[in-house]
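Encoded as C-alpha cells, the structure appears first; notes follow it.
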Amino acid sequence: MPAAPSPTIQSISLAVPKPKAHQLSIRSFSSPTQCSHCTSLMVGLIRQGYACDVCSFACHITCKDSAPQVCPIPPEQAKRPLGVDVQRGIGTAYKGYVKVPKPTGVKKGWQRVYAVVCDCKLFLYDVPEGKSTQPGVVASQVMDLRDEEFCVSSVLASDVIHATRKDVPCIFRVTASLLGSPSKTCSLLILTENENEKRKWVGILEGLQSILHKNKLRNQVIHIPQEAYDSTLPFIKTTLAATIIDRDRIAIGSDEGLSVIEVTRDVIVRAADCKKVYQIELVPKEKIIILICGRNHHVHLYPWSSLDGSESSFDVKLPETKGCQFITTGVLKKSSLPSLFVAVKRQILCYEICRTKPFHKKFNEIQAPGYVQWMAVFKDRLCVGYPSGFSLLNIQGDGQSISLINPTDSSLAFLSQQSFDTLCAVELSNEEYLLCFSLLGVYVDAQGRRSRMQELMWPATPVACSCNPSYLTVYSEYGVDVFDVNTMEWVQTIGLRKIRPLNVNGTLNLLSCEPPRLIYFKNKFSGGTTLSVPETSDTSKKQMLRTRSKRRFVFKVPEEERLQQRREMLRDPELRSRMISNPTNFNHVAHMGPGDGMQVLMDLPLTQDEKVCPSTSNISRQAPHRNKSYISWPSSSGSDQGAAMPLRSMSDPDQEFDKEPDSDSTKHSTPSNSSNPSSPPSPNSPHRNQLTLDGLDQSTCDA
Numbered sequence: 017m018p019a020a021p022s023p024t025i026q027s028i029s030l031a032v033p034k035p036k037a038h039q040l041s042i043r044s045f046s047s048p049t050q051c052s053h054c055t056s057l058m059v060g061l062i063r064q065g066y067a068c069d070v071c072s073f074a075c076h077i078t079c080k081d082s083a084p085q086v087c088p089i090p091p092e093q094a095k096r097p098l099g100v101d102v103q104r105g106i107g108t109a110y111k112g113y114v115k116v117p118k119p120t121g122v123k124k125g126w127q128r129v130y131a132v133v134c135d136c137k138l139f140l141y142d143v144p145e146g147k148s149t150q151p152g153v154v155a156s157q158v159m160d161l162r163d164e165e166f167c168v169s170s171v172l173a174s175d176v177i178h179a180t181r182k183d184v185p186c187i188f189r190v191t192a193s194l195l196g197s198p199s200k201t202c203s204l205l206i207l208t209e210n211e212n213e214k215r216k217w218v219g220i221l222e223g224l225q226s227i228l229h230k231n232k233l234r235n236q237v238i239h240i241p242q243e244a245y246d247s248t249l250p251f252i253k254t255t256l257a258a259t260i261i262d263r264d265r266i267a268i269g270s271d272e273g274l275s276v277i278e279v280t281r282d283v284i285v286r287a288a289d290c291k292k293v294y295q296i297e298l299v300p301k302e303k304i305i306i307l308i309c310g311r312n313h314h315v316h317l318y319p320w321s322s323l324d325g326s327e328s329s330f331d332v333k334l335p336e337t338k339g340c341q342f343i344t345t346g347v348l349k350k351s352s353l354p355s356l357f358v359a360v361k362r363q364i365l366c367y368e369i370c371r372t373k374p375f376h377k378k379f380n381e382i383q384a385p386g387y388v389q390w391m392a393v394f395k396d397r398l399c400v401g402y403p404s405g406f407s408l409l410n411i412q413g414d415g416q417s418i419s420l421i422n423p424t425d426s427s428l429a430f431l432s433q434q435s436f437d438t439l440c441a442v443e444l445s446n447e448e449y450l451l452c453f454s455l456l457g458v459y460v461d462a463q464g465r466r467s468r469m470q471e472l473m474w475p476a477t478p479v480a481c482s483c484n485p486s487y488l489t490v491y492s493e494y495g496v497d498v499f500d501v502n503t504m505e506w507v508q509t510i511g512l513r514k515i516r517p518l519n520v521n522g523t524l525n526l527l528s529c530e531p532p533r534l535i536y537f538k539n540k541f542s543g544g545t546t547l548s549v550p551e552t553s554d555t556s557k558k559q560m561l562r563t564r565s566k567r568r569f570v571f572k573v574p575e576e577e578r579l580q581q582r583r584e585m586l587r588d589p590e591l592r593s594r595m596i597s598n599p600t601n602f603n604h605v606a607h608m609g610p611g612d613g614m615q616v617l618m619d620l621p622l623t624q625d626e627k628v629c630p631s632t633s634n635i636s637r638q639a640p641h642r643n644k645s646y647i648s649w650p651s652s653s654g655s656d657q658g659a660a661m662p663l664r665s666m667s668d669p670d671q672e673f674d675k676e677p678d679s680d681s682t683k684h685s686t687p688s689n690s691s692n693p694s695s696p697p698s699p700n701s702p703h704r705n706q707l708t709l710d711g712l713d714q715s716t717c718d719a
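In terms of the working numbering, the sequence shown opens at residue 17 and continues consecutively.
Below you can see the structure in the form of C-alpha cells.
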C-alpha cells in the first residue's frame with residue numbers, strides 16, 4: 017500500500033496556481049502600443065493585434081504563436097527592456113515625448129508629439145492639447161532611417177533664428193530624401209526637454225543608422241519621385257487628372273480642358289476644350305481618348321489625333337453617363353475590341369470601343385451591390401468596390417457574380433458592422449485578392465474567404481490608393497507608403513506631404529505646395545512606359561508663347577528675357593564660362609602662349625563629309641566664315657510648322673554686345689568641339705556653324 021502524501025507537500029501543491037493560457041482576442045488600440053514579444057509598434061488604425069482579456073499582454077498577429085503563452089505575463093517578461101534585432105532591424109530602440117515646430121513654423125511655437133524609433137523608422141504621433149496626454153494611433157510623420165539621405169545633426173542659432181536662446185542647445189535636425197530629380201531633401205527640427213536628452217536621441221539615431229549600414233539593411237526604393245515638368249506652367253495648379261501617353265508626352269486634365277505637354281520639346285497642345293477633366297483613359301489600339309468632364313460629369317470620346325493639336329473630327333458625348341463617378345477599360349477574352357465600363361452611382365454601363373462610327377456600342381447594363389467607388393477588369397470579370405465590399409461581376413452573362421466578402425466567414429463579419437470605404441483591389445497570381453479598405457487591407461481567396469490571418473495595416477488615414485501587380489501605394493497627409501502585396505512588407509516611405517495621384521496607377525501626382533508641382537513616380541521594377549523627365553528650375557522665367565497654330569504653344573523664355581540673361585552672363589566671367597562647353601575631342605600637339613606657334617596647329621583626320629571642304633593649316637590667315645543658320649520648330653503634323661528664326665553663329669560677332677568688350681576672353685577661351693565624334697572640323701568646315709549651336713541654351717532653338 018503506497019504511503020499517503022505528506023500534508024505539508026499537499027498544501028503547497030494546492031497553493032501554487034496552475035499556469036493558464038492567455039485569453040486572446042483581436043483588439044483595436046486607441047494609442048500607440050508595443051508588442052509584448054518583439055517590442056515593435058503595433059502599427060495600424062484598427063485591429064492592430066491580439067490582447068489578453070486577463071492580463072496586459074498584447075502582440076502582433078504574427079507573434080502570437082512564438083510568444084509565451086503563460087498568463088499572467090512573468091515579471092521578467094513584463095519588464096523586458098527596449099531593444100532591436102540588429103539582423104532584421106526589428107524592435108523599438110527609444111521612445112519619448114519631444115516637440116516639433118507648428119505647421120506655420122518655429123516662429124509660431126512648438127507642439128508636443130510622441131516619438132518612437134522602431135523598425136528602422138522614426139514615428140511621430142501628435143498629442144492633442146488639453147487634458148488628454150495620450151497620442152492617437154494616426155502617425156503624423158514617418159521617416160526611414162535606411163534612407164540614403166537620412167542624417168541627424170545639431171543646429172546653430174543661425175539655423176533656428178526664431179527659437180529662444182535656451183532652446184538652441186536642445187534642438188537637433190533630422191533630414192531625409194524628398195525628390196530624386198531635382199535632388200531635394202526635407203528636414204525636421206526636434207526640440208527635447210534638455211541637452212542631455214538631445215544627446216541621447218542623436219546618439220541612438222546615429223548608432224542605429226550605423227548598425228543598419230553595417231548589416232546592409234538598406235532601404236528598398238520602389239518609386240523614385242521626380243518633378244515631371246516646370247511648375248511655372250500655369251494650368252498645373254488646376255490639374256485634376258493626368259496620364260502618360262509615351263516617353264515624351266503627358267496628357268493633363270484641368271479646369272481649362274485637356275492639354276498635352278511635350279516635355280522634351282517644351283510644346284503645349286490644347287487637345288480638347290471641354291472644361292474640368294476629372295479622369296483620362298487612353299485606348300491606343302482604337303485611337304480613342306475617353307474623358308470624364310464637364311459640369312455634369314459626362315463621358316466624352318475624342319480622336320487620338322487631337323493629342324497632336326489637330327482639330328477634333330468628332331466629340332462623342334454619352335448622354336446616359338450623366339453623373340458618372342468612375343470609368344475603367346479592359347479587353348475581354350471573348351471580344352477583340354476594348355471595353356469601357358462607366359459607373360453612375362450603382363449602375364454600370366458596358367460599351368465596346370472602336371475607331372469607326374459610331375465609335376461605341378453598348379452591350380450590357382448591370383447593377384452593383386452598392387455605390388461604386390472603384391473598378392478594374394480582372395480577366396473576364398469586373399471587380400467592383402463599394403462600401404464594405406468587393407464583388408467580381410459577370411459582364412457577359414455566362415456565369416454568376418461572386419462576392420469577395422463571404423458572409424459565411426465570421427472572421428470578416430466586422431466589415432459589415434460599420435461602413436468601410438473601398439480604395440482598390442489587387443489580383444495576386446494564385447487566385448488570391450488583396451482588398452484595400454479605408455482602415456485596413458484583407459486577403460481573400462476566389463470564394464471570398466480569408467486567406468491570411470494577418471491584415472495589412474495603414475500607419476495613417478489613407479486619402480487615396482494606387483496599385484500594380486507587385487506594389488501597393490497608399491497616400492496619406494504626411495506622404496506615401498509603399499507595400500509589397502505578396503510579402504505584406506512595408507518597403508518605402510516618401511515624405512511628400514499633401515500629394516495626390518492623378519491616375520489609377522499613380523505614375524503622375526499633384527503635390528499641393530507653393531507652387532503646386534507635377535510629380536512623376538518612376539518605378540524601378542515596372543515594365544511600363546518611362547517618362548523622359550526634363551530638367552526643371554524653381555526660378556524659371558518661361559512663358560506660354562503662341563505659334564502659327566492656334567492649338568500649339570511654346571513654353572520658353574521670351575527673346576527679350578533671354579537676351580537680358582545672356583547680357584548678365586557675359587558680364588560675369590564665372591557665369592560666362594558655363595556657356596562654353598568643355599572640349600570632348602581634340603589632340604594636344606603643343607602648349608603655346610598667345611600668338612606663339614600658331615603654325616604647328618593641325619587638324620585631325622577629316623571624315624568623308626569633310627574632305628570636300630577646303631582647309632588651311634594657318635588659322636591666323638583664315639578669313640572669318642560667316643553665315644546664318646536656321647532652325648524651325650519640329651511639328652508632329654506636316655501642316656503645322658513653326659516659324660523659322662535665325663540663330664547667330666558663335667563665331668559671328670553679336671552686334672548686341674559689341675558695346676560690352678570681354679576683357680577676360682583670353683583666360684576663358686575654350687577649343688571648339690566637333691559635332692562628329694571622330695574628328696573636329698577645320699575652320700572652313702561647313703560643320704562649324706553646327707558646332708556653335710551646341711553651346712547655346714536649348715531655349716534658343718525654340719521657335
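The beta carbon of each residue, even a glycine, is placed where N, CA and C say it ideally should be.
Alpha-carbon spacing of residue i relative to residue j, whole angstroms
| i | j | result |
| --- | --- | --- |
| I305 | F375 | 11 Å |
| S432 | G405 | 8 Å |
| K123 | K137 | 28 Å |
| K36 | P88 | 8 Å |
| V332 | R189 | 56 Å |
| H239 | D69 | 42 Å |
| Q39 | G99 | 27 Å |
| F571 | V132 | 47 Å |
| D271 | K291 | 5 Å |
| S691 | R281 | Because the pLDDT of S691 is 41, which lies under 50, any placement of that residue in the model is unreliable, and the question is left without a value. |
| I227 | G107 | 13 Å |
| G325 | K566 | 9 Å |
| R215 | Q127 | 20 Å |
| V315 | K538 | 29 Å |
| P119 | C202 | 14 Å |
Nearest to residue i (by Cα), restricted to the options the options
| i | options | result |
| --- | --- | --- |
| S467 | S426, M585 and F499 | S426 |
| D414 | R397, L420 and F499 | R397 |
| I277 | T372, N210 and L323 | L323 |
| A476 | Q157, M504 and S548 | Q157 |
| Q581 | K200, A257, I421 and S556 | S556 |
| L161 | L221, Y141, V153 and T208 | L221 |
| M469 | R533, Q64 and G219 | Q64 |
| L439 | G464, F342, Y110 and T509 | F342 |
| L353 | A359, E336, K377 and Q363 | K377 |
| L472 | H229, A179, V59 and K350 | V59 |
| S148 | E164, Y130 and L140 | Y130 |
| I411 | G112, L518, V347 and S321 | V347 |
Where the beta strand (DSSP E) through residue i begins and ends
| i | result |
| --- | --- |
| V190 | I187 to L195 |
| E471 | That residue, E471, is in no beta strand (DSSP E); it is neither H nor E in DSSP. |
| K111 | I106 to K118 |
| A441 | T438 to E443 |
| P517 | I515 to P517 |
| N410 | G405 to N410 |
| P241 | H239 to E243 |
| E505 | From DSSP, E505 is part of no beta strand (DSSP E); its letter is neither H nor E. |
| L524 | L524 to L527 |
| N539 | R533 to N539 |
| E448 | E448 to F453 |
| Q64 | Careful: Q64 lies outside any beta strand (DSSP E) and carries neither H nor E. |
| F569 | R568 to K572 |
| V549 | Looking at the DSSP string, V549 is not in any beta strand (DSSP E), and its letter there is neither H nor E. |
Where the alpha helix (DSSP H) through residue i begins and ends
| i | result |
| --- | --- |
| R227 | Position check: residue 227 holds Ile in this sequence, whereas Arg was assumed. Run containing I227: E211 to K230, per the alpha helix (DSSP H) assignment. |
| S432 | F430 to Q433 |
Bridge partner(s) assigned by DSSP for residue i
| i | result |
| --- | --- |
| L586 | Answer is none; L586 lacks a bridge partner. |
| E368 | S355 and K377 |
| M391 | V400 |
| K558 | Per DSSP, none; premise fails for K558. |
Can you list the beta strand (DSSP E) stretches of 3 or more residues lying completely in the segment 295–352, in chain order? DSSP runs (the beta strand (DSSP E)) wholly in the segment 295–352: 304–309, 314–319, 332–334 and 342–347.
Uninterrupted beta strand (DSSP E) stretches inside the segment 131–204 (no shorter than 3 residues): Along the segment 131–204, the beta strand (DSSP E) occurs as fully enclosed runs of 3 or more residues at 137–142, 155–160, 167–170 and 187–195, listed in sequence order.
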